[in-house]
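Letter 2 of the sequence shown, counting from 1, is numbered 2 in the UniProt record's numbering, and no numbers are missing.
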Amino acid sequence: MQTILLRCPRRARFHFGQVGLGENMALSDTAVLAHSDTLFSAIINTAAVFPDTAMLDDLIDAFKEGEVGISSANFCWQVSDSNYIWFLPKPAISNESRQNSSTQIAQSLDTSRRKEFGKVKFLSKGVWESDFTPNDWFDPDKCLILDGKFVVTQTEALKIPEVYRHARTKLYEVVNLPKVRVHAADQQQGFFGQAAVQLGYWDENCRVHYYMLAQMPEDERLAAFFRTVMQLLIDQGIGGERRVGCGQLTEIEWRTDLNELPTEPTALQMSLALLNPESVAELGECLSYETIIRGGRRITVAGENEVYLNRIRMILEGAISQKALDGRVVNINPYDETPHPFYRLGRHFSISLPQNLMPYVQQ
1 MQTILLRCPR RARFHFGQVG LGENMALSDT AVLAHSDTLF SAIINTAAVF PDTAMLDDLI
61 DAFKEGEVGI SSANFCWQVS DSNYIWFLPK PAISNESRQN SSTQIAQSLD TSRRKEFGKV
121 KFLSKGVWES DFTPNDWFDP DKCLILDGKF VVTQTEALKI PEVYRHARTK LYEVVNLPKV
181 RVHAADQQQG FFGQAAVQLG YWDENCRVHY YMLAQMPEDE RLAAFFRTVM QLLIDQGIGG
241 ERRVGCGQLT EIEWRTDLNE LPTEPTALQM SLALLNPESV AELGECLSYE TIIRGGRRIT
301 VAGENEVYLN RIRMILEGAI SQKALDGRVV NINPYDETPH PFYRLGRHFS ISLPQNLMPY
361 VQQ
């Protein structure tokens, strides 16, 4: 497993559009991180600029076969020149999680904390590797919760500059930027809002970035090509609305901070990427999860006979499964291969789940 830090400029903004009833609604909402299928699209579109189409085909095939894998992007807080706090998704063990009918996940949580528990979205690497239970997250002697969403251990909190070491610190904000479509046929439809996630920035050595994890191919030639494509993401950017300054990166840094996360394939797993199970049997292996709709973008000129990409339902990051799964890469082009396939990455990318992070599992 390879840790890849996606360094971002100061006060970087990103737009990761969500599925909506119309284009304006898609612009007015954004995910707060780049899902694995978004990163996959950025990688493949960047690889497509190379004249060697055979390498592009090999890379796509490697993703399909699971020889190459990527996680979704997650948050990384650089708290000083050399100290970083890495965040992972919270396991899907809240009341709202869907549950397989053959398995019950009982939750021995303090009932007075259920709303606060539901607001938590990310756990630091320190929390992940500790023996803390979910109840311990709310113990001020053990953990600090930032903005109600990010849990860090008190040991990690000591690395944070004191002025930002409090619960009100925001690692990101979703901002809505007013926009005008100058050439709109109907002036009433010319005004809209564009949502963007803005990463926290305090000074050059205290700022928020994204990072991703990757399973590198064993083929050295393909691995070198993958690294080259990743470096070119600095020029291409990730996500949407890049023409107005969103999605910019300043550096791709290959690190080892999370390379040793446990990945025992037969243990309970937590997904770090979107998953589209390849079969009903694989879906049955998923114990607790939430879903999201992906695809649905219009691919023809607005007006009559509009054509949209197919929509598919994916299982979100944080899903818990009985074991490591396969998943699949899905072509959502309604015309199949014409003019070319539109792939969505739904391959499983997971790590072993520490037992202490599941208050009680009854199988």
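The C-beta atom is built at its ideal place from N, Cα and C for all residues, glycine as well.
Values in this document were obtained by computation on a predicted structure and should not be read as measured data.
Using beta-carbon positions only, say whether residue i and residue j come within less than 8 Å of one another.
i           : j      : result
ILE292      : LEU309 : no
ARG10       : ARG207 : yes
VAL174      : VAL32  : yes
HIS35       : LEU274 : yes
ILE85       : VAL152 : yes
LEU272      : GLU290 : no
LEU268      : GLN322 : yes
ILE252      : ILE4   : yes
LEU39       : SER72  : yes
LYS125      : PHE132 : no
ASN176      : SER80  : no
residue 364 : TYR343 : Within the shown structure, residues of the chain are numbered from 1 to 363, placing residue 364 beyond reach of any answer.
ILE351      : PRO262 : yes
ARG13       : CYS246 : yes
PHE226      : LEU59  : yes
GLN231      : GLY69  : no
THR46       : GLN236 : yes
PRO91       : MET270 : yes
How would you write the range of the alpha helix (DSSP H) that residue i sits in, first residue to last?
i      : result
LEU59  : 53-65
LYS119 : 114-119
ALA73  : ALA73 -> no alpha helix (DSSP H), and no H or E assigned at all.
ALA157 : 154-157
LEU39  : 36-47
Among the options, which one has its Cα closest to the Cα of residue i?
i      : options                           : result
ASP326 : GLY346, SER28, ILE315 and HIS166  : GLY346
TYR211 : LEU199, ILE60, GLU264 and LEU222  : LEU199
ARG311 : CYS8, PHE14, GLN18 and ARG13      : GLN18
VAL163 : ASP203, GLY193, PHE191 and GLN248 : ASP203
ALA319 : ASN276, GLY126 and VAL329         : ASN276
TRP77  : GLY118, ILE93, ALA47 and LEU123   : LEU123
HIS166 : PRO178, PHE191, ASN176 and PRO140 : PRO140
CYS286 : THR300, GLU156, ILE93 and ILE238  : ILE93
THR169 : PRO341, THR155, ILE145 and GLU156 : ILE145
ALA196 : THR266, HIS340, GLY240 and LYS115 : GLY240
VAL330 : ALA47, THR256 and ARG294          : ARG294
What does DSSP give as the partner residues of residue i in its beta bridges?
i           : result
TYR335      : Answer is none; TYR335 lacks a bridge partner.
ARG243      : Its beta-bridge partners do not exist; DSSP assigns none.
TYR211      : LEU5 and ASN74
PRO217      : Answer by DSSP bridge pairing: none, since PRO217 is not bridged.
PRO140      : None; PRO140 has no bridge partner.
GLY193      : PRO178
residue 364 : A query on residue 364 cannot be resolved here, the shown segment of the chain reaching from 1 to 363 and no further.
VAL151      : LEU123 and ILE145
GLN198      : ARG13 and GLU173
Following the continuous beta strand (DSSP E) through residue i, name the residue where it begins and the one where it ends.
i      : result
VAL175 : 172-180
GLU129 : No beta strand (DSSP E) contains GLU129, which is instead part of the alpha helix (DSSP H) from 125-129.
ARG255 : 251-255
ASN88  : Per the sequence shown, the amino acid found at residue 88 is Leu instead of Asn. First-last of the beta strand (DSSP E) with LEU88: 84-89.
ASP203 : 201-203
Only counting runs of 3 or more residues, tell me where the beta strand (DSSP E) segments fall wholly within the UniProt domain "Csm4 C-terminal" (267-352), in order along the chain. 269-271, 286-289, 291-295, 311-315, 327-331, 343-347 and 350-352
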